[in-house]
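Residue numbers (our numbering): 1 to 266.
Every residue, glycine too, gets a C-beta built ideally from N, C-alpha and C.
Since the structure comes first, as structure tokens, the remarks are kept for the end.
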């Protein structure tokens, strides 16, 4: 039997903080933005042309323009945020203009060690090949829980082993926000209007983790497919640079916290 929503809400006061089945609820709201703790596994509902346009707006004439379709394709196949991939390339390659990028098509500074950056950096046949090969490695070794260098699927986690610059994560997060500001959806999914209320039915715009509590480091209860219907139970709550809503996913009978920018009206 599915729990009664009214009984659930009566026990979970919006003004206070209570828990049910490991879910913590409270009420506050601010705008979402990328931080070093944003989950790089959360994808964005944008097209390649939109991403190219955003990159060109931030850095006019960047040689990275044209990679939008590649970043979105890798995102869809490997579940890595496309805005992150663009921002990472922008930082490491000076928006595609660095010598290593121009001479070796290496836009991620891969294997460009401090003692021999140009000599040691890997070479690629094209920017696209670099994206696909480097992001496959990032996916498997940095963002997967069984990866050699996994410290969490965030910029903060990647910074531990990927870069010697302890401000690397902050710099990429800043560029992600610059790019997101030029995107039609603000760099999020196709939803996230901020107009949700108790009882509204919502659906993810892309495959979406729902978690035990708000926060990118919280346990994933389930991964909800695009188009599945859920009902808003509580929220919003701001954590780790995202606005979260407590959602009852109706077909699964599962409760969890999901990020607003990847939700739209069902």
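Proximity to residue i [Cα-Cα], best of the options
{"i": "residue 88", "options": "252, 171, 258", "result": "171"}
{"i": "residue 259", "options": "42, 35, 36", "result": "42"}
{"i": "residue 223", "options": "183, 169, 208", "result": "208"}
{"i": "residue 108", "options": "51, 92, 102", "result": "92"}
{"i": "residue 263", "options": "227, 237, 238", "result": "227"}
{"i": "residue 90", "options": "64, 145, 154", "result": "64"}
{"i": "residue 229", "options": "206, 238, 101", "result": "206"}
Residue i vs residue j beta-carbon contact at 7 Å
{"i": "residue 257", "j": "residue 204", "result": "no"}
{"i": "residue 58", "j": "residue 178", "result": "yes"}
{"i": "residue 139", "j": "residue 78", "result": "yes"}
{"i": "residue 105", "j": "residue 121", "result": "no"}
{"i": "residue 80", "j": "residue 156", "result": "no"}
{"i": "residue 245", "j": "residue 232", "result": "yes"}
{"i": "residue 51", "j": "residue 68", "result": "yes"}
{"i": "residue 159", "j": "residue 169", "result": "yes"}
{"i": "residue 86", "j": "residue 55", "result": "yes"}
DSSP state of residue i mapped onto helix, strand, coil
{"i": "residue 201", "result": "strand"}
{"i": "residue 212", "result": "coil"}
{"i": "residue 94", "result": "coil"}
{"i": "residue 243", "result": "strand"}
{"i": "residue 232", "result": "strand"}
{"i": "residue 62", "result": "coil"}
{"i": "residue 258", "result": "strand"}
{"i": "residue 264", "result": "strand"}
Neighbour-count burial assignment, residue i, 16 or more Cβ in a 10 Å radius
{"i": "residue 49", "result": "exposed"}
{"i": "residue 261", "result": "buried"}
{"i": "residue 113", "result": "exposed"}
{"i": "residue 119", "result": "exposed"}
{"i": "residue 61", "result": "exposed"}
{"i": "residue 220", "result": "exposed"}
{"i": "residue 76", "result": "exposed"}
{"i": "residue 167", "result": "exposed"}
{"i": "residue 242", "result": "buried"}
{"i": "residue 32", "result": "Reliability fails at residue 32, whose pLDDT of 38 lies under 50, so the model's placement of it is uncertain and the value that follows must be treated cautiously. Flag for residue 32 reads buried."}
{"i": "residue 129", "result": "exposed"}
Whole-angstrom distance between residue j and residue i, CA atom to CA atom
{"i": "residue 96", "j": "residue 115", "result": "22 Å"}
{"i": "residue 134", "j": "residue 198", "result": "43 Å"}
{"i": "residue 99", "j": "residue 147", "result": "30 Å"}
{"i": "residue 225", "j": "residue 251", "result": "11 Å"}
{"i": "residue 162", "j": "residue 70", "result": "22 Å"}
{"i": "residue 21", "j": "residue 266", "result": "Because the pLDDT of residue 21 is 31, which lies under 50, any placement of that residue in the model is unreliable, and the question is left without a value."}
{"i": "residue 240", "j": "residue 34", "result": "8 Å"}
{"i": "residue 72", "j": "residue 45", "result": "9 Å"}
{"i": "residue 53", "j": "residue 165", "result": "29 Å"}
{"i": "residue 3", "j": "residue 254", "result": "Note that residue 3 has pLDDT 35, beneath the 50 cutoff, so the model's placement of it is unreliable and no number is given."}
{"i": "residue 29", "j": "residue 126", "result": "Residue placement at residue 29 cannot be trusted, given a pLDDT of 29 that sits under 50; the coordinates are not used to answer."}
{"i": "residue 124", "j": "residue 202", "result": "43 Å"}
{"i": "residue 180", "j": "residue 196", "result": "22 Å"}
{"i": "residue 211", "j": "residue 218", "result": "6 Å"}
Check: residue i C-beta below 6 Å from any heavy atom of the ligand GTP
{"i": "residue 91", "result": "The ligand GTP is not part of the structure shown, which contains no ligands of any sort."}
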